[in-house]
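Below: one structure, written as structure tokens.
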Amino acid sequence: MNLVSIVKKALMALTGLAWIGFLVGHLSGNFLLLRGADAFNGYAAFLASLGSLLYVVEAALILFLLLHIYSGLRVTLENRRARPVRYAVAATAGRATVASRTMAAGGIIIAVFLVVHVKMFKFTSHQDVNNGLWGLVVDTFKEPAWVGAYIIAMLAVGMHVSHGLASAFQTLGLIKPRWRESFRRTGFAIGWLLAAGFITLPVWCYLVPTN
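Using the numbering used here, read the sequence shown as starting at 1 and increasing by one per residue.
And the structure:
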């Protein structure tokens with residue numbers, strides 16, 4: 001493996017880990033949705049009060065996302081060129097998981113979701129909405145179609161993280177052979193806990209009376 005390939009894989013791993021860290025923090029803040037409008041809107045106001053720091057973090061996340069997509073695509077294409085398709089299937093069928101086989105497809109779903117999600121909740125005005133941003137989120141998820149779309153996206157996140165977390169640490173050389181299975185199980189647990197946590201929010205909005 002040449003240096004360029006190593007750098008691309010390391011870049012994909014590091015940017016992926018950065019985004020997993022963001023997801024943990026984002027979910028923690030979003031759980032304030034369950035505590036009502038004052039708590040959630042107060043959290044949103046606090047983030048807005050960070051001013052330039054918030055813009056720096058958002059810019060970094062966008063950069064990390066673009067680098068993750070770029071390096072992921074390059075690594076995927078290189079892997080496909082490096083081995084004949086008819087042998088690749090046979091060689092990996094015994095050890096590949098659904099999550100590992102759907103990383104690219106899941107990544108596309110997540111990328112589309114992010115664009116829609118940011119447009120809906122960051123760039124849509126909520127000044128005239130009853131209960132502000134909290135009200136906008138709750139009203140949105142009173143629609144079954146949005147709840148379903150969100151659940152599909154979060155299932156993609158769960159699959160992506162469940163495989164990607166352990167894979168990232170392995171790429172960076174941080175997993176000894178005897179730790180591999182423990183890291184795999186930990187990644188699986190974290191991925192699906194994140195997915196379950198995020199799915200809880202729209203389901204709660206849909207099921208719980210808020211008027």
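Beta carbons are placed, not taken as given, at the ideal position from N, Cα and C, and that holds for glycine.
8 angstroms Cβ shell around residue i - same chain, five flanking residues per side excluded
i, result
"phenylalanine 22", "Leu61"
"asparagine 2", "none"
Three-state secondary structure assigned by DSSP to residue i
i, result
"phenylalanine 64", "helix"
"proline 209", "coil"
"alanine 88", "Note on alanine 88: pLDDT 43, under 50, position unreliable in the model; the coordinate value appears next. Helix."
"lysine 176", "coil"
"threonine 186", "helix"
"threonine 140", "helix"
"threonine 200", "helix"
Exposure label - residue i; buried when at least 16 CB within 10 Å
i, result
"isoleucine 199", "buried"
"tyrosine 55", "exposed"
"isoleucine 109", "buried"
"lysine 122", "exposed"
"serine 167", "buried"
Own chain partners of residue i with C-beta closer than 6 angstroms, once the 5 adjacent residues on each side are dropped
i, result
"isoleucine 151", "Ile199"
"leucine 33", "Phe40 and Leu201"
First through last residue of the alpha helix (DSSP H) which encompasses residue i
i, result
"serine 125", "Looking at the DSSP string, serine 125 is not in any alpha helix (DSSP H), and its letter there is neither H nor E."
"isoleucine 152", "144-171"
"isoleucine 6", "3-30"
"phenylalanine 40", "37-49"
Sequence-distant residues of the same chain with beta carbon closer than 7 angstroms to residue i, five excluded per side
i, result
"phenylalanine 64", "Thr15, Ala18 and Trp19"
"valine 147", "Phe141, Pro202, Val203 and Tyr206"
Anticipated Cβ contact below 8 angstroms, residue i with residue j, distance rounded
i, j, result
"asparagine 41", "leucine 133", "6 angstroms"
"glycine 106", "histidine 160", "5 angstroms"
"methionine 103", "histidine 163", "6 angstroms"
"methionine 154", "glycine 72", "Between glycine 72 and methionine 154 the Cβ distance is about 20 angstroms, and since that is not below 8 angstroms, they are no contact."
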